[in-house]
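According to this note's numbering, the sequence shown is numbered sequentially starting from 370.
Notes to accompany the following structure.
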Amino acid sequence: MFFVTVVTLCAIGAGASQIVQLEWSDLQQKIEFEDPFTKLSEEQLLHLGTYARIENLKEKAPDRVTPAMQAEVNEGLRLLKSEGIDFQDLLAKRAEITELRKQQGTAVVTELDGKHIRMPGFALPLEYSDKKITEFLLVPWVGACIHTPPPPPNQIVYVKVENGYKTNGMFEPIWVSGELVVKPLTKNLYLKDGSADIGVGYTLVADTISSYQQ
Numbered sequence: 370m371f372f373v374t375v376v377t378l379c380a381i382g383a384g385a386s387q388i389v390q391l392e393w394s395d396l397q398q399k400i401e402f403e404d405p406f407t408k409l410s411e412e413q414l415l416h417l418g419t420y421a422r423i424e425n426l427k428e429k430a431p432d433r434v435t436p437a438m439q440a441e442v443n444e445g446l447r448l449l450k451s452e453g454i455d456f457q458d459l460l461a462k463r464a465e466i467t468e469l470r471k472q473q474g475t476a477v478v479t480e481l482d483g484k485h486i487r488m489p490g491f492a493l494p495l496e497y498s499d500k501k502i503t504e505f506l507l508v509p510w511v512g513a514c515i516h517t518p519p520p521p522p523n524q525i526v527y528v529k530v531e532n533g534y535k536t537n538g539m540f541e542p543i544w545v546s547g548e549l550v551v552k553p554l555t556k557n558l559y560l561k562d563g564s565a566d567i568g569v570g571y572t573l574v575a576d577t578i579s580s581y582q583q
């Protein structure tokens, strides 16, 4: 059961029937491709990574490759071959798959531009005014951008709050509604040991925020 407190920030121009409720997956433009690396086990990925790392070391500093390193590589390749894994074909596809993964993480859904939406997430504050947050990043999990690497841009929404919202703490779980704008941008996030530029795929001017707890 959720206990919900609704804070109205400004007048809602759209009727309830016009509000589109979204999940995080709805913000991702689907790019269909076969990723052969998802079919590998953790051990197979480890062997493949070890091979790629040692081959790279051979090119840059061959004198640093020890017999023990080469023996580890040879054993890994033997196991991959015995399991029917074509490691050379996989490595040849690595750059292509990496680029497709990048496109999957940045591709936004342009059809959502201008839609009045409602969606859940966790608030990562950016700017404060009178002890209220006026700007924040809506992210799909606790710790994103701070304790874990940032989600891809199409999994982050930059939210502006005209009258501010009194938060209960960092990464507060909330529902946010407002007009969604498809506008890729970069926001600077201040951290204890510096700052980081975070890629964002969407912007939303909030008209209501609902704070909830389970």
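All C-beta atoms, glycine included, are put in the ideal place defined by N, C-alpha and C.
- Expressed to the nearest angstrom, what Euclidean distance is found between the alpha-carbon atoms of residue 579 and residue 572? Residue mapping note: residue 579 aligns to position 210 of the sequence shown, counting from 1. Residue mapping note: residue 572 aligns to position 203 of the sequence shown, counting from 1. Looking at the two C-alpha atoms, the distance is approximately 18 Å.
- Query: Taking the runs of the alpha helix (DSSP H) that are 4 residues or longer, which of them lie wholly in the segment 375 to 446?
  - Reply: 411 to 429
- Check whether the Cβ atoms of residue 456 and residue 506 sit closer than 7 Å, and answer yes or no. Locating residue 456 in the sequence shown gives position 87, counting from the first residue. Locating residue 506 in the sequence shown gives position 137, counting from the first residue. No, these two residues do not count as a Cβ contact at 7 Å.
- Task: Pick out whichever of 473, 492, 574 and 494 has its Cα sitting closest to the Cα of residue 395.
- Result: One-based indexing of the sequence shown puts residue 395 at position 26. Considering only alpha carbons, the answer is 473.
- Task: Note down the Cα distance separating residue 540 from residue 482, rounded to an integer number of angstroms.
- Result: On the sequence shown, position 171 is the one that residue 540 refers to. On the sequence shown, position 113 is the one that residue 482 refers to. Straight-line Cα distance between these residues: approximately 26 Å.
- Message: Buried or exposed for residue 556, going by 16 or more other Cβ atoms inside 10 Å?
- Response: As a first step, residue 556 must be located in the sequence shown, where it is residue number 187. It is buried - the Cβ of residue 556 has at least 16 other Cβ atoms within 10 Å.
- Query: So is residue 400 buried or exposed if we call it buried at 16+ other beta carbons inside 10 Å?
  - Reply: As a position in the sequence shown, residue 400 is number 31, starting the count at 1. With fewer than 16 other Cβ atoms within 10 Å, it is exposed.
- Message: If you follow the beta strand (DSSP E) that residue 525 is in, where does it begin and where does it stop?
- Response: Taking the sequence shown and counting its residues from 1, one reaches residue 525 at position 156. Careful: residue 525 lies outside any beta strand (DSSP E) and carries neither H nor E.
- Message: Is the separation between the beta-carbon of residue 547 and that of residue 575 shorter than 7 Å?
- Response: As a first step, residue 547 is located in the sequence shown; it is residue number 178 there, counting from the start. As a first step, residue 575 is located in the sequence shown; it is residue number 206 there, counting from the start. Cβ distance < 7 Å, so residue 547 and residue 575 count as in contact.
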